[in-house]
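Under this note's numbering, the first residue of the sequence shown carries the number 318, and numbering increases by one thereafter. Even for Gly, the Cβ is constructed at its ideal location relative to N, Cα and C. Nothing here was measured: the structure is a model prediction, and the numbers come from that model.
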Amino acid sequence: MGRQVARHAHAAAGHLRAIESLAANADPPRLRIGAVASALVRLVPGALARFRREWPAARVLSVQGDDDELAAWLAAETVDLVVTTRPIAGAGREIVDEFLAVLPRDHRLGRDGRAGLAELADAGLADPGGTCAPVVAAHFAAHGVDWRPDHLVRDVATALAMAEAGITAGVAPAMAVPSPPPPGVRLMPLDPPLHRTVYACHRPDDTHAGAFAQLLTA
């Protein structure tokens, strides 16, 4: 009996070593991510840092695109997961993002807890460009304020740089602002507030893309 138990234990140990060897030699997971520009500032990098703690050998590629491009890439399986500002077919999750007023640190509007739309428009604005501008313009119009940007910069990084230099104020989605923000910039909620929904969609048969989507909303 003792010899049989020993043989069984030896065989079990051999099976475990074989499984460990297969795991060590297995190809690392591959994840191809497409995202709108604002999601690539903090949202995707933050989730990626947590993803790599679980799969340190993962091969990850990220690429920027607009909503139409991202939907086409996911449908063609060029990427495994996309982050878009419009919902598309496929498994996915929703992320709520708030728009913030971007002000020079010593701006007079910074004395209040929130930035009123009319006061912000009078202060001069930089258009953040991309998919953000139509959302912001519609919000201002819905509350009787014309969206009249003085500067068409077309990206949030430039709007932040101009605010830090004291040139102008602006509006930007929170996820597109680095953390911490530039030292010469003050961020404030809008009054009335404005939010948008960002969508993380992935191939339903891709386990790693599904795990990454969960991290995006964690």
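Discussion item. What would DSSP say about A535, mapped onto helix, strand or coil?
Written reply: Within the sequence shown, numbered from 1, the residue matching residue 535 stands at position 218. Looking at A535 - three-state DSSP - the assignment turns out to be coil, as it is neither helix nor strand.
Worksheet item: Going straight from the alpha carbon of L339 to that of L532, what length do you get?
Response: Here residue 339 corresponds to residue number 22 of the sequence shown, with the count starting at 1. Here residue 532 corresponds to residue number 215 of the sequence shown, with the count starting at 1. Its pLDDT being 39, under 50, L339 is placed unreliably in this model, and the coordinates cannot settle the point.
Discussion item. For D414 and M492, which I take to be in contact (beta-carbon distance under 8 Å), what is that distance rounded to the nearest angstrom?
Written reply: Locating residue 414 in the sequence shown gives position 97, counting from the first residue. Locating residue 492 in the sequence shown gives position 175, counting from the first residue. Right, the Cβ-Cβ distance comes to about 5 Å (below 8 Å), so this counts as a contact.
Fill in: Nonlocal neighbours in the same chain, by C-beta distance under 7 Å from P466, ignoring five residues either side
Against the sequence shown, residue 466 aligns to sequence position 149. These residues qualify, in order along the chain: L442, A443, D444.
Item to complete: Pull up the DSSP beta-bridge partners for T514, would you.
Response: Indexing the sequence shown from 1 puts residue 514 at position 197. Bridge partners of T514: V413.
Worksheet entry | Endpoints, beta strand (DSSP E) assigned at M505 | Sequence index remark: in the sequence shown, residue 505 carries index 188 (1-based). For M505, the enclosing beta strand (DSSP E) covers residues 502 to 508.
Practice prompt. With DSSP as the reference, label R367 as helix, strand or coil.
Written response: Taking the first residue of the sequence shown as position 1, residue 367 is located at position 50. Note: R367 maps to helix in three-state DSSP.
Worksheet entry | Whole-Å CB distance - E411 paired with T475, under 8 Å assumed | The residue you call residue 411 lines up with position 94 of the sequence shown. The residue you call residue 475 lines up with position 158 of the sequence shown. Not a contact, Cβ separation roughly 28 Å.
Discussion item. Given this structure, state the Cα-to-Cα distance separating P506 from L426, to the nearest angstrom.
Written reply: Here the question's residue 506 lines up with position 189 in the sequence shown. Here the question's residue 426 lines up with position 109 in the sequence shown. When rounded, the distance between both Cα atoms is 11 Å.
Worksheet entry | Segment contact, 8 Å Cβ cut-off, at least three pairs: the segment 376 to 394 with the segment 347 to 354 | Short answer: they touch.
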